[in-house]
Amino acid sequence: APAVFTEAEFYQQNFNPQEYLKEYYSMSSSPEWAREFMMQNLRTLHKMFSLDGVRGDILIDVGCGPTIYQLLSACEHFQEIIALDYTEQNRRELEKWLKREPGAFDWEPVVKYVCELEGDREKWAEKQEKVRKKVKRVLKCDVTKANPTGPVSLPAGDCIVSTLCLEGACKDLPAFRSALRNISTLLKPGGHLVMVTVLGETYYAFNKQVYSCLLLEKHEVQEAVLAAGFELKFFEAQPYTVDDDVTDIKGVIGLVAQKCPSA
1 APAVFTEAEF YQQNFNPQEY LKEYYSMSSS PEWAREFMMQ NLRTLHKMFS LDGVRGDILI
61 DVGCGPTIYQ LLSACEHFQE IIALDYTEQN RRELEKWLKR EPGAFDWEPV VKYVCELEGD
121 REKWAEKQEK VRKKVKRVLK CDVTKANPTG PVSLPAGDCI VSTLCLEGAC KDLPAFRSAL
181 RNISTLLKPG GHLVMVTVLG ETYYAFNKQV YSCLLLEKHE VQEAVLAAGF ELKFFEAQPY
241 TVDDDVTDIK GVIGLVAQKC PSA
């Protein structure tokens, strides 16, 4: 793991979205473990977004990175999606796909996989259009700030989805707990948080760059979510290890929590 935690500025300076996508999200060029990991997360997201009550008007994606896989099941249950990320080049890469610009990443195999989970592989083109139409804004956010989208204020969301974000953005457990409180302010009371978080990982690497990850245990994630004013509705931890020195991941959690009315 890096000697000093790689915080937001390091991402802004160094993170290469195209290389990241190629390493972790390509059905053709990613290593097998990365494809398996993505498909496992897609199955978990499919399951979580099928739960009762996880629907509404506005979905806010916190820490979207340059990816759309986390929106593929979600887009069926919300009218409008607001995508947030700290890093300018990630937002740009996402916009490239949304606007069908040349050189945009090809998500088609991933979209087809999710359509298969939903029972109709042939709907993939329709689903891509749905995501493109529903993502209305792509904005900067910083989860370490009390108002993560400041100075912009957003309408309160019915749901937040956050996948593989906070553990890369928070250098210690107090920062992680605080980030959860910060992003909870983007939600309506009674709204849902849908989260995918890695366990036991201290770093991940690609393109000769190493990035820090906050080493989290299952109980620490549970406690942080409750302390941020949520009630857990779904929680599933799965062990996941990789025989490769690009990461020391030990597992992954999928969770759904509901913001308490008083929070």
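According to the UniProt record's numbering, numbering within the sequence shown proceeds without interruption in unit steps and concludes at 263. All C-beta atoms, glycine included, are put in the ideal place defined by N, C-alpha and C. Bear in mind that the values here come from a model prediction, so they are computed numbers and not experimental data.
Between the CA atoms of residue j and residue i - distance to the nearest angstrom
i, j, result
"Asp244", "Trp33", "9 angstroms"
"Thr149", "Phe5", "23 angstroms"
"Tyr86", "Ala179", "13 angstroms"
"Pro31", "Met39", "13 angstroms"
"Pro2", "Tyr11", "13 angstroms"
"Lys140", "Leu226", "26 angstroms"
"Lys136", "Glu36", "30 angstroms"
"Asn147", "Thr185", "8 angstroms"
"Asp106", "Pro239", "29 angstroms"
"Glu19", "Lys96", "15 angstroms"
"Phe78", "Ala257", "17 angstroms"
"Lys130", "Lys218", "34 angstroms"
Option nearest residue i by Cα separation, candidates the options
i, options, result
"Ala104", "Glu80, Ile68 and Gly251", "Ile68"
"Val221", "Asp248, Leu255 and Gly191", "Leu255"
"Thr44", "Val246, Thr241 and Ala237", "Ala237"
"Thr202", "His219, His46, Ala169 and Ser162", "Ala169"
"Leu98", "Glu76, Leu71, Arg132 and Gly65", "Arg132"
"Asn14", "Asp158, Asn90 and Leu94", "Asn90"
"Asp52", "Val225, Pro174, Gly190 and Cys64", "Gly190"
"Gly229", "Leu199, Met27, Glu95 and Ser262", "Ser262"
"Gly56", "Cys141, Gly119 and Cys159", "Cys159"
"Tyr25", "Asn41, Asp172 and Gln209", "Asn41"
"Leu199", "Phe206, Ser212, Lys208 and Asn207", "Ser212"
"Leu21", "Cys141, Lys136, Val110 and Ala257", "Val110"
"Glu23", "Pro239, Gln209, Ala257 and Thr241", "Gln209"
"Phe234", "Glu129, Thr241, Lys47 and Val114", "Lys47"
"Gly63", "Leu226, Leu94, Val242 and Thr241", "Leu94"
"Cys115", "Glu88, Glu101 and Leu71", "Leu71"
"Glu108", "Ser28, Glu76 and Val242", "Ser28"
"Arg92", "Val138, Pro174 and His219", "Val138"
Test item: CB-CB of residue i and residue j under 8 angstroms
i, j, result
"Ala74", "Phe49", "yes"
"Tyr204", "Val246", "yes"
"Glu80", "Lys127", "no"
"residue 264", "Asp61", "No answer is possible for residue 264: it lies beyond the span of the chain, which begins at 1 and ends at 263."
"Leu193", "Lys145", "no"
"Leu216", "Val196", "no"
"Ile58", "Pro155", "yes"
"Leu187", "Gly157", "yes"
"Val143", "Asn182", "yes"
"Ala224", "Phe176", "yes"
"Lys171", "Glu7", "yes"
"Leu232", "Glu167", "no"
"Pro66", "Pro102", "no"
"Arg100", "Lys112", "no"
Under the three-state DSSP convention, the category residue i falls into
i, result
"His192", "strand"
"residue 295", "For the chain, the structure presents residues 1 to 263; residue 295 sits outside this window and is missing."
"Val62", "strand"
"Leu84", "strand"
"Leu187", "strand"
"Thr67", "coil"
"Ala205", "strand"
"Ser162", "strand"
"Lys99", "coil"
"Gly168", "helix"
"Phe78", "strand"
"Leu139", "strand"
"Leu154", "coil"
"Leu199", "strand"
Bounding residues of the alpha helix (DSSP H) (the contiguous stretch that carries residue i)
i, result
"Val221", "Lys218 to Ala227"
"Thr44", "Glu32 to Phe49"
"Leu117", "Glu108 to Leu117"
"Asn14", "Ala8 to Asn14"
Residue range of the unbroken beta strand (DSSP E) whose run includes residue i
i, result
"Leu214", "It is not in any beta strand (DSSP E) - Leu214 carries neither H nor E in the DSSP assignment."
"Ala237", "Phe230 to Pro239"
"Ala257", "Gly251 to Lys259"
"Arg132", "Run containing Arg132: none in the beta strand (DSSP E); it sits in the alpha helix (DSSP H), Trp124 to Lys134."
Any non-hydrogen atom of the ligand ZN closer than 7 angstroms to residue i Cβ
i, result
"Pro109", "Although the ligand ZN was asked about, the structure shown includes no ligands whatsoever."
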